[in-house]
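Asks:
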Amino acid sequence: KMAKRSSIFDFFTQVFVVFGFSMICVSVFCLLFGEDGREVSTMFALGNAGVPIYTVGQYFIVAILVTSFRELFFTDKIIKNWSIAARTISMMACDIIMVAVFAKVFGWFPVDMAEAWIGFLVSFIICTACGVGISIIREKSENKKLQDALDKFNKGAE
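Using our numbering, read the sequence shown as starting at 2 and increasing by one per residue.
Dropping the structure here:
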């Protein structure tokens, strides 16, 4: 059975983790590609000088939506009896659709430019891989702590 969030505080903790990681990524992209992207993307309106405040707000909304998708697809609150693969594919599809809508509405990148989509997909894959890697490390760490506690308990019971 999937783990369930215990409170609104847990939800917003995850929102701020997603938001912080996203802002680090977009800041790095601004430093690397900001001057070249200034003319084609509202995210790079300031060139490599930084991220516009309206983009920061948009990314906060994205963090709320991404966390909501995660809550929807990776808890049993609404969707029950789905495989991990179905949950993951569905969540990623929602994330990509959301980014496409934000790209169009907020001018993040020209939606008819293949290079922009390739750049997005590459960054999406990198960010997803980092997130999965962090999750795996965290899960292994938690499992080790639980195993150590169980071993300690079993030694005391002998």
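Where a beta carbon is used, it is the ideal one built from N, C-alpha and C, also for glycine.
Computed from a prediction, not measured in an experiment: that's the story for all the values here.
If you follow the alpha helix (DSSP H) that Thr-56 is in, where does it begin and where does it stop?
Replies: 54-75
Asks: Reducing DSSP to helix, strand and coil, say where Ile-1 ends up.
Replies: This structure gives no information on residue 1, because the portion of the chain shown stretches from 2 to 159.
Asks: Would you mind reading off the limits of the alpha helix (DSSP H) that contains Gly-51?
Replies: It is not in any alpha helix (DSSP H) - Gly-51 carries neither H nor E in the DSSP assignment.
Asks: Quick check on Tyr-55: buried or exposed, where buried means 16 or more other Cβ atoms within 10 Å of its Cβ?
Replies: exposed
Asks: What is the rounded straight-line gap between the Cα of Asp-152 and the Cα of Phe-75?
Replies: So the alpha carbons of these two residues sit roughly 30 Å apart.
Asks: Which first and last residues belong to the alpha helix (DSSP H) in which Val-41 is found?
Replies: No alpha helix (DSSP H) contains Val-41, which DSSP labels as neither H nor E.
Asks: Rounded to whole angstroms, what's the CA-CA distance from Val-102 to Cys-95? Just pull it up for me.
Replies: 11 Å
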